[in-house]
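Everything on this sheet refers to the single structure shown next.
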Amino acid sequence: MKKIEKNWLEWLVFGVSAALISTVIGFLAYESVTMGEALPDIQLQTGIPEARTGYYAVPLQVTNKGDQTAEGVHIEVVLRIDGREERSDIEIAFLPRRGAREAWVTFKSDAHNGALEARVLGYEKP
Amino acid sequence: MTPPVSNSLREYARGIAGGLMFSLPLLYTMEVWWAGFVAEPMRLILYVATVFVLLLGYNHYVGLHHEASRWEVVIDSVEEMGLGLVVAAVVLFLLGQIETDHTAFEAIGKIVIEAMTVAIGISIGTSQLGGSSEGAKRPAKTEATFGGQIAIAACGAVLFASNVAPTEEILMIASECHLAKLLGIVLLSLGLAALILYYIEFTGSAPLSQTSDSLLNVIVGTVISYAVALMVSAVILWFFGRFDDVALLTCVAQVVVLGLAATLGSSAGRLLLQ
Chain W
477 MKKIEKNWLE WLVFGVSAAL ISTVIGFLAY ESVTMGEALP DIQLQTGIPE
527 ARTGYYAVPL QVTNKGDQTA EGVHIEVVLR IDGREERSDI EIAFLPRRGA
577 REAWVTFKSD AHNGALEARV LGYEKP
Chain E
4 MTPPVSNSLR EYARGIAGGL MFSLPLLYTM EVWWAGFVAE PMRLILYVAT
54 VFVLLLGYNH YVGLHHEASR WEVVIDSVEE MGLGLVVAAV VLFLLGQIET
104 DHTAFEAIGK IVIEAMTVAI GISIGTSQLG GSSEGAKRPA KTEATFGGQI
154 AIAACGAVLF ASNVAPTEEI LMIASECHLA KLLGIVLLSL GLAALILYYI
204 EFTGSAPLSQ TSDSLLNVIV GTVISYAVAL MVSAVILWFF GRFDDVALLT
254 CVAQVVVLGL AATLGSSAGR LLLQ
């Protein structure tokens, strides 16, 4: 077999490439072994309301604890204040497995003074 | 003789430019980003393996270093894939698709799925977009074997089909299309394959048509080209999860719809990419 002629740059690119590919394959193999079949399990956490121009924005942390991705995650947040209810909702296009997304829902009433309740209305398999 | 560093640098730059030219539509498509984290890790590993085999085939038959030994073909393919990963990561980051609050799997899934097309683009860019001064030195391509033709046709088909495969439109067209129209798409694909291969004389088409103009050869060549296109379409669609929970008829319809794009690639690939 004839000798392979390469300069230092080509060997460097080859070395880095080989390392990258093996890392990626190793990571995917690890994920594939450790990843279960758990259905999407969506957890919601509301943050502290922030006053904006003419409305109040409530930060929402949406986390998928499951091993499967959820598509079209529809979330409703209810604000109970002075005996009335104000509703707000949001849809997240994709919530990756074990992934998280940040979102905001908005209310006209001052959300500081009320009780917030968030729940997932529905989602589908991608 | 070891090639000068400046030459290799230019070769890599040429490859990266080619890779971006061929894969930018995919890097800008959200269905592809989604497919990166929806697909199971095992499917991604299979995808990487398949593309690596394609790169090996391409580099063996048409790659830059014609006189390359087996190991050089492997090294070239590894380099192209590595560059593909880096280029995909940088572009996705600039497009805001890799954020710090994303999980490692989401980021790596997106990068891997995009990097494979970039890698094929880099491979083609490196060998095809070369300047004439270097091209003149290169020996003319030795007659590609049957296996070589298939490998090149498959590369061309992947390149063309992967740009539209992940979009919703394929499924939409396939589920709404009448059977008669699907048949029309099949005939159009076959017609285009025959025209591209044997009639319109793209640059480089001469060697093929010279040797074989008998009707039988035209039919065989066209059918093979279309068959490669259909197979590539089916594999790509399966990879993007388009066959999951779908009726058989819709699966076949999708393959036919995507097959038109793939045919352009497979038949033009056999001429242009060599």
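Sequence order for the protein chains is W and E.
Residues in the first sequence are numbered from 477 upward in steps of one, following our numbering.
Residues in the second sequence are numbered from 4 upward in steps of one, following our numbering.
In this text, a Cβ means the ideal position worked out from N, Cα and C, and glycines have one as well.
Between residue i and residue j, how many whole angstroms is the CB-CB distance? I'm expecting something under 8 Å.
{"i": "Ser228 of chain E", "j": "Ser270 of chain E", "result": "5 Å"}
{"i": "Asn540 of chain W", "j": "Ile566 of chain W", "result": "In fact, because the Cβ distance is near 15 Å, the residues do not count as touching under 8 Å."}
{"i": "Tyr64 of chain E", "j": "Gly151 of chain E", "result": "4 Å"}
{"i": "Ile173 of chain E", "j": "Leu86 of chain E", "result": "Rounded, the Cβ-Cβ distance is 29 Å, inconsistent with contact."}
{"i": "Leu515 of chain W", "j": "Gln544 of chain W", "result": "6 Å"}
{"i": "Ser26 of chain E", "j": "Thr120 of chain E", "result": "4 Å"}
{"i": "Glu82 of chain E", "j": "Val489 of chain W", "result": "5 Å"}
{"i": "Ile123 of chain E", "j": "Val54 of chain E", "result": "7 Å"}
{"i": "Gly272 of chain E", "j": "Ala92 of chain E", "result": "Actually they are not in contact, since the Cβ atoms of Gly272 of chain E and Ala92 of chain E sit about 27 Å apart, beyond 8 Å."}
{"i": "Leu555 of chain W", "j": "Leu592 of chain W", "result": "6 Å"}
{"i": "Met33 of chain E", "j": "Leu58 of chain E", "result": "Actually they are not in contact, since the Cβ atoms of Met33 of chain E and Leu58 of chain E sit about 26 Å apart, beyond 8 Å."}
{"i": "Tyr201 of chain E", "j": "Gly224 of chain E", "result": "7 Å"}
Is the shortest distance between the beta-carbon of residue i and the beta-carbons of chain E less than 8 Å?
{"i": "Gly548 of chain W", "result": "no"}
{"i": "Asn589 of chain W", "result": "no"}
{"i": "Thr539 of chain W", "result": "no"}
{"i": "Gly523 of chain W", "result": "no"}
{"i": "Pro607 of chain W", "result": "There is no way to answer for residue 607 of chain W, as the model of chain W reaches only from 477 to 602."}
{"i": "Pro602 of chain W", "result": "yes"}
{"i": "Ala494 of chain W", "result": "yes"}
{"i": "Leu592 of chain W", "result": "no"}
Name the residue from the options whose alpha carbon lies nearest to the alpha carbon of residue i.
{"i": "Leu29 of chain E", "options": "E:Val249, E:Lys113, E:Glu109 and E:His105", "result": "E:Lys113"}
{"i": "Gln521 of chain W", "options": "W:Gly559, W:Glu578 and W:Leu496", "result": "W:Glu578"}
{"i": "Trp36 of chain E", "options": "E:Glu82, E:Glu117 and E:Asn62", "result": "E:Glu117"}
{"i": "Arg46 of chain E", "options": "W:Ala569, W:Gly523 and W:Val509", "result": "W:Val509"}
{"i": "Pro535 of chain W", "options": "W:Ala505, W:Glu561, W:Val581 and W:Glu513", "result": "W:Val581"}
{"i": "Met511 of chain W", "options": "W:Ala591, W:Arg574, W:Gly598 and W:His588", "result": "W:Arg574"}
{"i": "Phe108 of chain E", "options": "E:Leu261, E:Ile48 and E:Cys158", "result": "E:Ile48"}
{"i": "Phe243 of chain E", "options": "E:Pro6, E:Leu186, E:Gly39 and E:Leu59", "result": "E:Gly39"}
{"i": "Gly128 of chain E", "options": "E:Ala92, E:Leu23 and E:Leu190", "result": "E:Leu23"}
{"i": "Val258 of chain E", "options": "E:Ala177, E:Ser130 and E:Asn62", "result": "E:Ala177"}
{"i": "Val249 of chain E", "options": "E:Leu195, E:Met175 and E:Ser126", "result": "E:Met175"}
{"i": "Leu597 of chain W", "options": "W:Arg528, W:Gly590, W:Ala576 and W:Ser564", "result": "W:Ser564"}
{"i": "Gly268 of chain E", "options": "E:Ile199, E:Arg245 and E:Phe246", "result": "E:Ile199"}
{"i": "Ala168 of chain E", "options": "E:Leu88, E:Val238 and E:Phe96", "result": "E:Val238"}
{"i": "Glu486 of chain W", "options": "E:Glu34, E:Leu58, E:Trp74 and E:Ile78", "result": "E:Ile78"}
{"i": "Ile222 of chain E", "options": "E:Ser236, E:Leu195 and E:Ile101", "result": "E:Leu195"}
{"i": "Ala576 of chain W", "options": "W:Val538, W:Arg560 and W:Ala533", "result": "W:Val538"}
{"i": "Ala164 of chain E", "options": "E:Val235, E:Ile125, E:Leu95 and E:Ala52", "result": "E:Val235"}
{"i": "Ser585 of chain W", "options": "W:Gly530, W:Arg595 and W:Glu507", "result": "W:Gly530"}
{"i": "Tyr599 of chain W", "options": "W:Ala587, W:Val500, W:Glu513 and W:Pro572", "result": "W:Pro572"}
Within 8 Å (strictly less), CB to CB, does residue i reach chain W?
{"i": "His63 of chain E", "result": "no"}
{"i": "Leu172 of chain E", "result": "Correcting the residue type first, residue 172 of chain E is Glu in the shown sequence and not Leu. For Glu172 of chain E, the answer is no, since every Cβ of chain W falls outside 8 Å of its Cβ."}
{"i": "Gln100 of chain E", "result": "no"}
{"i": "Ser72 of chain E", "result": "yes"}
{"i": "Thr225 of chain E", "result": "no"}
{"i": "Phe96 of chain E", "result": "no"}
{"i": "Ile78 of chain E", "result": "yes"}
{"i": "Thr120 of chain E", "result": "no"}
{"i": "Thr129 of chain E", "result": "no"}
{"i": "Gly124 of chain E", "result": "no"}
{"i": "Ser11 of chain E", "result": "yes"}
{"i": "Ala209 of chain E", "result": "Only weak support exists for where Ala209 of chain E lies, its pLDDT of 46 falling under 50; the coordinates are left without a value."}
{"i": "Val54 of chain E", "result": "no"}
{"i": "Gly85 of chain E", "result": "yes"}
{"i": "Val41 of chain E", "result": "yes"}
{"i": "Ile48 of chain E", "result": "yes"}
{"i": "Pro6 of chain E", "result": "yes"}
{"i": "Val51 of chain E", "result": "yes"}
{"i": "Leu193 of chain E", "result": "no"}
{"i": "Glu75 of chain E", "result": "yes"}
{"i": "Val115 of chain E", "result": "yes"}
{"i": "Leu59 of chain E", "result": "no"}
{"i": "Val93 of chain E", "result": "no"}
{"i": "Val81 of chain E", "result": "yes"}
{"i": "Leu88 of chain E", "result": "yes"}
Nearest chain C C-beta to residue i closer than 8 Å, yes or no?
{"i": "Thr545 of chain W", "result": "The chain inventory of the structure shown lacks chain C, comprising the protein chains W and E."}
Is residue i near the ligand COA, judged by its Cβ being under 7 Å from some heavy atom?
{"i": "Ala494 of chain W", "result": "Of ligands this structure carries none, so the ligand COA is not represented either."}
Exercise for review: Give, in chain order, every residue of the stretch 497 to 514 of chain W whose Cβ lies closer than 7 Å to some Cβ of chain E.
Suggested key: Ile497, Val500, Ile501, Phe503, Leu504, Ala505, Glu507, Ser508 and Met511
**Study point:** Interfacial residues, the stretch 478 to 490 of chain W to chain E, with Cβ spacing under 8 Å
**Key:** Lys478, Ile480, Glu481, Lys482, Asn483, Trp484, Leu485, Glu486, Val489 and Phe490
Practice item. Could you run through the stretch 572 to 583 of chain W and flag, in chain order, every residue whose CB is less than 9 Å away from some CB of chain E? Key: Pro572, Arg573, Arg574, Gly575, Ala576, Arg577 and Glu578
Exercise for review: Output, in sequence order along the chain, the residues in the stretch 232 to 260 of chain E whose CB is closer than 8 Å to any CB in chain W.
Suggested key: Gly244
Point to revise | Contact residues within the stretch 153 to 185 of chain E, judged by C-beta distance below 8 Å to chain W | key: none
Practice item. Note down, in chain order, all residues in the stretch 14 to 39 of chain E with a beta-carbon under 8 Å from any beta-carbon belonging to chain W. Key: Tyr15 and Trp37
Check your understanding: Going along the chain, which residues of the stretch 101 to 112 of chain E sit with their C-beta nearer than 9 Å to a C-beta in chain W?
Key -> Sequence-ordered contacts of the stretch 101 to 112 of chain E with chain W read Asp104, His105, Thr106, Ala107, Phe108, Glu109, Ile111 and Gly112 [C-beta pairs closer than 9 Å].
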